[in-house]
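Chains as they are written, first to last, in my numbering: chain A, 1 to 453; chain B, 454 to 709. Don't be surprised by glycine CBs; every beta carbon is placed ideally from N, CA and C. All values reported here derive from a predicted model rather than from experimental measurement. Heads up, the thing below is written out as structure tokens.
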């Protein structure tokens, strides 16, 4: 079955069911997305989006079940997570499949509110609906919205500085193929600051999983939002991740994603800088082995004046893996004194690995400073020989060079505990000692069991 | 006579199908220092590269053994573990890999090869400190990336420092004097002399006699057109310094 056929089928299933059980706050958003879906599917049939219709076909090939009634999953999270690494000491939230759990609810610092969309106080409904609104014509994205049975609503009060990171652990646990539609809505009000860490895990690594996660952020004037994402799922996982963010005056958005393990992953970043004097930093690293695919797509639109943006995406590709980067910076008319740089660097460590890259700039304003660059190379043979001549085995030398290659992405992370941990995670990924929860450094279990005590 | 440490017989090798070494014979015993001299393009660096296992070169004939082991059958890392060390003419910069991690990986790989436990962090740091003293290497370089931003002299001192750490049986110093001022040369040569024992041996590859004032060779060989055309004692180096290579060239080319 092609992706287009799958899209049609999800629509039919939902119609036959009389709609999905969506939270009251976003009823209008879900209805509107469902109504627009048939036309979007039709358009897709004629003109499959992007360059990867066959990849979409691969993502949608398994016969995934969907949780239309929003049945809560209470997987015994603590039972299967082991983590021997010092913990992050975070405020913990958990997504088990598409069920929202907020173990940290009773311990939130002043200024931070987190609700499941289903239990959202009436006063925030309009805000949540505005955040959740799906304006894209992507049928896949519209289906995600149609299937929204719950989600996180995170609100950081004006002026609140939340020091403790908020961690949302995404756990997959299912014996049958499952499509989970996850939604995280973040509103950082004026001059607030928040750090959010997302991580993906699979407790049933053999089961096919379509992990569709949508993160929508509004950063009000002067706010600072840091968003980190670590994917350590399974080769049976296909992930579609979307970050859609709107930045107002002098806001600061930092995003870093790390693809360490999974099957196919496609991360899309749509950043809309509407305010003046805003700062945006997007970075990502992907280490791919086997037949993994890692794909990062960025659309960064500069509308405000005096804004600065930096992008740094790096891929290390082994075996038959494929990497892709599509980056587009659009500088709109009037976005004066924009300073934007986009960098994509890739390393192919095997003759059968592939990298597709398309950095693009569209500039409609004269007074701007924009740069972009993409390079794809191989491991440095001279460095490898030098290391070997000192007795370091070739595979270990390769690992060290790859780690070194990735180090500047990790070093970009200002959040120190996470930076150190990510260095360790990258090293473990490269020497093959991670890939199970036993050795993962995300500290889910220790956190979860602590929170529950 | 003690046993042979390195035995090279009729070694032939080239690059991209072009033959550079045309039958090298060389025997080195423990405790000896051999200098290999020769004009540019004679194959000096090829010889050191081939012995260390540089993948750019292809061996087309002959043999080389280290302590009786077939050197040419070993990977570069195993040659190192067996006690071969090459001090590079142009040490490679490795951005993002710190000297400490680099040396720890090297030391522990060798220990693993020899069936030993990895060194403890305290032991390792202590050893690094001791070995740095051999060539007076700045402590600050340890936390820097390998050779990145090192001066010419620091790079060469770093090579000898690595040699001190790895304690090879046979060291090949490939043009270690190139790019060194007289003070750095003295420190580097002093380091090499400190590391000399009755059980190890050194091959010094150089253009000039200058380095041999500091590292005294027992034997001097002249490499020309891929062959050792002349061997002698230390006095041969002085003769070369005085007369240049022309007389050798004439002698060899004239024989044809």
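Let's test the definition: count the other Cβ atoms within 10 Å of the Cβ of residue 563 of chain B and tell me whether it reaches 16, buried, or not, exposed. buried
State the beta-bridge partners of residue 625 of chain B as determined by DSSP. Residue pairing for residue 625 of chain B: DSSP places it in a beta bridge opposite B/539, B/656.
Who does residue 211 of chain A pair with in a DSSP beta bridge? A/180, A/239
Measuring alpha carbon to alpha carbon, tell me which residue in A/288, A/270, A/290, A/208 is nearest residue 282 of chain A. A/270
Between which residues of its own chain and residue 637 of chain B is the CB-CB distance below 6 Å, once the five residues before and five after are set aside? 606
Measuring CB atoms only, is the stretch 687 to 695 of chain B touching the stretch 650 to 658 of chain B, in the sense that at least three cross pairs come out at less than 8 Å? no
In angstroms, rounded to a whole number, what distance separates the CA positions of residue 84 of chain A and residue 498 of chain B? Here the model assigns residue 84 of chain A a pLDDT of 32, short of 50, so the residue's position is not dependable and the matter cannot be decided.
Do residue 156 of chain A and residue 197 of chain A have their beta-carbon atoms positioned less than 8 Å apart in this structure? no
Using only the alpha-carbon positions, how far apart do residue 123 of chain A and residue 104 of chain A sit? 22 Å
Considering only residues of the same chain and omitting the five flanking positions on each side of residue 215 of chain A, which have a CB-CB separation below 6 Å? 184, 243
To the nearest angstrom, report how far apart residue 616 of chain B and residue 468 of chain B are at their CA atoms. CA-CA distance, residue 616 of chain B to residue 468 of chain B, rounds to 27 Å.
Contact residues within the stretch 567 to 580 of chain B, judged by C-beta distance below 7 Å to chain A: none
Identity of the residue in A/332, A/265, A/9, A/30 nearest residue 129 of chain A by Cα: A/30
For the stretch 301 to 331 of chain A, list the beta strand (DSSP E) runs that are entirely contained and at least 3 residues long, ordered along the chain. With a minimum length of 3 residues, the continuous beta strand (DSSP E) runs that stay inside the stretch 301 to 331 of chain A are 308 to 317, 322 to 331.
Collapsed DSSP secondary structure at residue 197 of chain A in the structure displayed: strand
In chain A, which residues lie with their C-beta within 7 Å of the C-beta of residue 558 of chain B? 392, 396, 400
Unbroken stretches of the beta strand (DSSP E), 3 residues or longer, contained in the stretch 123 to 178 of chain A: Runs found: 152 to 156, 166 to 172.
Find the residues of chain A that neighbour residue 405 of chain B, judging by a C-beta separation of less than 7 Å, and give them in chain order. The requested residue 405 of chain B does not occur in the structure, where chain B is confined to residues 454 to 709.
Output, in chain order, the set of chain B residues within a Cβ distance shorter than 8 Å of residue 382 of chain A. 545
Determine, using beta carbons only, whether residue 399 of chain B comes closer than 8 Å to chain A. Missing from the structure shown is residue 399 of chain B; chain B here goes from 454 to 709 and no further.
So who's on the other strand from residue 475 of chain B, going by DSSP bridges? B/465
From the DSSP output, which residues share a beta bridge with residue 355 of chain A? A/323
Three or more C-beta pairs closer than 8 Å, one from the stretch 276 to 292 of chain A and one from the stretch 312 to 322 of chain A: is that the case here? Contact between the stretch 276 to 292 of chain A and the stretch 312 to 322 of chain A is present, because at least three Cβ pairs lie under 8 Å.
The stretch 541 to 553 of chain B contacting the stretch 404 to 413 of chain A, beta-carbon criterion three pairs below 8 Å: yes
For my contact list, residue 601 of chain B and residue 541 of chain B are in at a C-beta cut-off of 8 Å; report their separation, rounded to the angstrom. The Cβ separation is near 15 Å, so there is no contact.
Distance, residue 365 of chain A Cα to residue 293 of chain A Cα: Put simply, the backbone Cα of residue 293 of chain A is about 36 Å away from that of residue 365 of chain A.
Look at residue 94 of chain A and residue 73 of chain A and say whether their C-beta atoms are less than 8 Å apart. When the beta-carbon positions are compared, residue 94 of chain A and residue 73 of chain A stay at least 8 Å from each other.
Quick one: measure Cβ to Cβ for residue 194 of chain A and residue 162 of chain A, integer angstroms, because I've assumed they're closer than 8 Å. 5 Å
First through last residue of the beta strand (DSSP E) which encompasses residue 347 of chain A: 338 to 348 is the extent of the beta strand (DSSP E) around residue 347 of chain A.
Name the residue from A/205, A/224, A/61 whose alpha carbon lies nearest to the alpha carbon of residue 191 of chain A. Just measuring C-alpha positions, the residue of A/205, A/224, A/61 sitting nearest residue 191 of chain A is A/224.
Between residue 179 of chain A and the rest of its own chain, which residues show a CB-CB distance below 6 Å, the 5 nearest in sequence each way excluded? 64, 66, 210
When you check each C-beta in the stretch 342 to 372 of chain A against every C-beta of chain B, which residues fall closer than 8 Å? none
Taking only the alpha-carbon atoms, compute the straight-line gap between residue 307 of chain A and residue 278 of chain A and give it to the nearest angstrom. 5 Å
Name, please, each residue of chain A whose Cβ falls closer than 9 Å to the Cβ of residue 583 of chain B. Listed along chain A, no residue sits closer than 9 Å to residue 583 of chain B by beta-carbon distance, the nearest being about 18 Å off.
Between residue 349 of chain A and the rest of its own chain, which residues show a CB-CB distance below 8 Å, the 5 nearest in sequence each way excluded? 316, 317, 318, 378, 379, 398, 402
Rounded C-beta distance between residue 505 of chain B and residue 625 of chain B? I'm assuming under 8 Å. 7 Å
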